[in-house]
Amino acid sequence: MPTLVMKFGGTSVANLDRIARAAKRVALEVANGYDVIVIVSAMSGKTNELVGWVDETSPLYDAREYDAIVSSGENVTAGLMALRLQEMDIPARSWQGWQVPVKTTSAHSNARIEEIPADNINAKFGEGMKVAVVAGFQGISPEGRITTLGRGGSDTTAVAFAAAFGAERCDIYTDVDGVYTTDPRITSKARKLDKIAFEEMLELASLGAKVLQTRSVELAMRYKVRLRVLSSFEEPSDSAGTLVCDEEEIMESNVVAGVAYSRDEAKMTLISVADRPGIAAAIFGPLSEAGVNVDMIVQNISEEGRTDMTFSCPVDQVLRAAKAMEDAKTSGDINFHDLVTDDGVAKVSVVGIGMRSHAGVAAHMFKALHDEGINIKVITTSEIKISVLIDRKYMELAVQALHDAFELEKAA
């Protein structure tokens with residue numbers, strides 16, 4: 012039998028009625044002749060509740076116990092889904108990560124999947140089981156301890172299972188009906204995309220789009236897993252949702268596929284740093300060790316052996332970054348005059364594989380922002396994206412202006 016992976020997020024399994032609704036979708040795919048692997052998240056709000064209990068009990072918690080506790084939400088959902096399917100006369104069984112087993116690294120609360128042997132589940136499929144309901148977000152370390160994969164880890168679990176079992180497709184059910192050209196809450200002109208290339212989706216996810224977790228898209232691109240993002244609240248149809256696939260599957264596409272944004276960014280500048288070989292490593296090494304997620308980096312022209320180094324990071328990592336820089340200065344690894352922070356900025360990006368073969372995208376983008384009186388603080392580019400840092404108060408205006416400028420409401 013062909014295999015299909017179906018993943019249901021927290022809002023899709025938020026209560027018993029929604030679990031029953033999701034089970035009906037699974038039943039339709041079983042009727043279509045598939046062996047189905049269902050990956051489930053915890054019921055909406057449960058993981059946050061469990062994390063809260065951990066923090067209240069032990070602020071400096073043991074990460075191994077944290078994983079044991081927060082992974083339990085998915086176990087409950089998996090059991091309830093299996094029971095619901097059994098009530099519908101569909102042979103189903105729940106599986107926790109260790110039972111599969113989902114083999115991961117030992118990095119508790121942020122483990123990475125290393126291997127998913129297919130033997131155990133395939134053996135049960137051979138005995139007549141039609142649905143394996145797997146608790147997402149969790150696995151087992153080489154030491155035999157439960158691990159979790161970090162926020163959004165159920166998406167990664169689903170893609171990893173699709174790759175391991177050679178699934179025909181991986182359907183990600185969520186509370187939105189697909190991938191849009193931008194956030195529909197910012198502009199009513201946002202258009203749902205029928206298809207989007209892996210690379211475009213990866214950039215959009217990493218730049219702030221919340222539809223798919225970045226690691227899951229990376230995995231899908233590496234193993235060529237066709238992803239479909241669709242709503243669990245709409246009636247099923249063959250044309251529903253957005254297909255994330257190889258660039259070769261997309262006949263026509265706009266130069267720009269979408270506009271992404273990240274609201275909570277900060278810009279930090281080290282003033283008057285010695286301009287010498289190794290200075291970048293001396294700055295960004297300590298930032299990395301401190302767990303600061305640096306994004307944009309700009310170095311000014313050197314003058315009299317000194318330069319300014321600017322970088323961006325999430326606003327909630329500013330204090331950590333500042334401490335790392337002060338510690339490096341105290342230890343003598345770097346010497347700078349001042350550290351200036353602007354925590355009122357946002358990142359806005361345009362993304363599209365068509366940018367590879369079309370000139371003038373940057374000029375068009377910058378003119379659209381200029382026409383709205385929006386000043387650009389930092390610019391970075393790659394082959395298929397252009398990102399800018401701007402004042403946060405202009406973020407929504409910038410997204411709307413760029414969406415209009417590239418006419419993203421129109422299909423290719």
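For the sequence shown, counting from 1, position 329 maps to 340 in the working numbering; every step adds exactly one. No residue lacks a Cβ here, since even glycine has one placed at the ideal position from N, Cα and C.
The region 309-325 touching the region 372-383, judged by at least three CB pairs closer than 8 angstroms: no
Minimum C-alpha distance to C256 - residue among I282, S227 and V266: S227
Cβ shell of D319 (< 8 angstroms), same chain only, five flanking positions each side left out: T280, L281, I282, S283, V284, Q310 and N311
Residues sharing a beta bridge with D349, DSSP: I282
N297 - containing alpha helix (DSSP H), residue span: Correcting the residue type first, residue 297 is Pro in the shown sequence and not Asn. First-last of the alpha helix (DSSP H) with P297: I290 to E300.
Residues near L244 in its chain [Cβ-Cβ closer than 6 angstroms; skip 5 each side]: First, the amino acid is wrong: residue 244 is Phe here, not Leu. Closer than 6 angstroms at the Cβ level, and outside the excluded window around F244, lies no residue.
Burial state of K358, where buried means 16 or more other Cβ atoms lie within 10 Å: buried
Assigned exposure category for L400 - 16 Cβ within 10 Å defines buried: buried
DSSP three-state assignment for M54, whether helix, strand or coil: coil
Burial state of M376, where buried means 16 or more other Cβ atoms lie within 10 Å: buried
Span separating the alpha-carbon of N346 from that of T392: 29 angstroms
Sequence-distant residues of the same chain with beta carbon closer than 6 angstroms to A174, five excluded per side: Y234 and V236
Three-state secondary structure assigned by DSSP to F172: helix
Alpha-carbon to alpha-carbon, R162 and S69: 20 angstroms
Residues that DSSP places opposite P102 in a beta bridge: Beta-bridge pairing links P102 to no other residue.
Nearest-angstrom Cβ-Cβ length linking S105 and G90, presumed shorter than 8 angstroms: 5 angstroms
Which of helix, strand or coil DSSP assigns to E383: coil
Three-state class that DSSP yields for D344 in the structure shown: coil
Start and end residues, beta strand (DSSP E) containing V37: Segment L27 to A42 is the alpha helix (DSSP H) holding V37; no beta strand (DSSP E) there.
Rounded distance between the beta-carbons of I132 and A146, thought under 8 angstroms: Contact flag wrong, Cβ pair sits at about 13 angstroms.
Contacts around T58, its chain only, beta-carbon distance under 7 angstroms, and the 5 residues preceding and following it disregarded: V81 and G84
C-beta atoms of M92 and A171 nearer than 8 angstroms: no
Of the residues Q149, V51 and G164, the one placed nearest I21, counting alpha carbons only: Note that residue 21 is Gly in the sequence shown, not Ile. Measuring from the Cα of G21, the nearest candidate turns out to be V51.
Cut-off 6 angstroms between Cβ atoms - residues of its own chain near T192, not counting five sequence neighbours on either side: A201, R202, G269 and L419
Rounded separation between D46 and E179 - CA only: 11 angstroms
Between the CA atoms of F19 and I183 - distance to the nearest angstrom: 6 angstroms
6 angstroms CB neighbourhood of I441 in its chain, flanking five on each side removed: Nothing can be reported for residue 441, as the shown portion of the chain is limited to 12 through 423.
Span separating the alpha-carbon of M366 from that of K396: 8 angstroms
Residue nearest to F213 in terms of C-alpha spacing, selected from D338, A373, I364 and H348: Checking the sequence shown, residue 213 turns out to be Leu, not Phe. Among D338, A373, I364 and H348, the Cα nearest to that of L213 belongs to I364.
Given 8 angstroms, three or more beta-carbon pairs between the region 293-306 and the region 326-338: yes
Cβ separation of V362 and E260, assumed to be a contact under 8 angstroms, to the nearest whole Å: The pair is not a contact, with the Cβ atoms about 18 angstroms apart (cut-off 8 angstroms).
R317 in three-state terms, based on DSSP: strand
CB contact flag (I10, V356, <8 angstroms): As displayed, the chain neither begins before 12 nor continues past 423, which places residue 10 out of reach and without an answer.
Three-way DSSP call (helix, strand, coil) for K358 in this model: strand
Option in D100, R156, P128 and F136 with minimal Cα separation from S117: R156
Separation of K421 from N43, as counted between CA atoms: 34 angstroms
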